[in-house]
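Below: the structure, in structure tokens.
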Amino acid sequence: MEAPDDYFARQLPGMSSSFNPMMSPVDNPILRVNSLHNPPPELVRAALLAQHERWAGTPYRIGGTGRNGIDCSALVQAIFNETFRLQLPRSTGEQVREGTQISRAELQVGDLVFFRPPGRYDHVGIYVGDGYFLHASTSQGVMLSELDSNYWQRYYWQARRTLEPTTLAQRVTEAGEG
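In structure tokens form, the structure reads like this:
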């Protein structure tokens, strides 16, 4: 429900004419309630960075799914499950079919980024904004990397959006992660 255009120009009811302050948009309870239904996408970034803190230092292990060793698709699956209550498939090959494909220019926090580096396996990470993505690196374990580094830029394949950032943010709020 949207406030009428003149809503904040109205006098407060029950006030005498000698003391009649105008309402302020800051005091508008409708805006506060609406913000709960449309939380800022910054919550998604904060939740992803918190996940980075939790997983940082975990070594890469092909087929691994836990703190003793994890591969890229298991990391993405675990983070989406824990943070957004969204169950993604286990493998990169299945994850690349989730959501909708988007252009690199459309990347938003929470989008999946896919790469085709040399070797037999594709790679996946989660875009966290400001040109960085969270992933399980085969050489350094769970870490943040620059999307525009020479290496990752060379092997970039595609990006996919599983859910809109505002929906992911709502799920962070509901899960108590935000």
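Quick note: the sequence shown uses this note's numbering, first residue 11, plus one each step.
Glycine included, every Cβ here is placed at the ideal spot set by N, Cα and C.
If you're wondering where the values come from, they're calculated on a predicted model, not measured in any experiment.
Buried versus exposed call for residue i [16 or more other C-beta atoms within 10 Å across all chains shown]
i: Y191; result: Residue 191 falls outside the range modelled here, since the chain spans only 11 to 188, and no answer is possible.
i: D81; result: buried
i: R171; result: buried
i: I89; result: buried
i: A66; result: exposed
i: S159; result: exposed
i: S83; result: buried
i: Q51; result: Sequence inspection shows Pro at residue 51; the Gln mentioned does not correspond to that position. The residue is buried, with at least 16 neighbouring Cβ atoms inside 10 Å.
i: Q163; result: exposed
Nearest residue (CA-CA) to residue i, options the options
i: R113; options: V54, T183, P51, Q168; result: Correcting the residue identity first, residue 113 is Ser in this sequence and not Arg. Considering only alpha carbons, the answer is Q168.
i: L117; options: Y166, Q180, A60, L59; result: Y166
i: S147; options: D140, I136, F94; result: I136
i: G74; options: E63, Q163, Q87; result: Q87
i: R126; options: A60, T102, L173; result: T102
i: R130; options: Q150, L59, I72; result: I72
i: E189; options: T93, R77, P51; result: Nothing can be reported for residue 189, as the shown portion of the chain is limited to 11 through 188.
i: E174; options: Y70, P128, G109; result: G109
i: P99; options: L122, E63, F143; result: L122
As assigned by DSSP and simplified to three states, the class of residue i
i: L178; result: helix
i: Q111; result: strand
i: G151; result: strand
i: T172; result: coil
i: I80; result: strand
i: L157; result: coil
Within 8 Å, strictly: CB atoms of residue i and residue j
i: V54; j: V152; result: no
i: L178; j: G120; result: yes
i: H145; j: L85; result: yes
Residue(s) in a DSSP beta bridge with residue i
i: Y165; result: Note: Y165 sits in no beta bridge, so no partner.
i: Y70; result: I80
i: L122; result: I136, R170
i: L58; result: Note: L58 sits in no beta bridge, so no partner.
i: T75; result: I80
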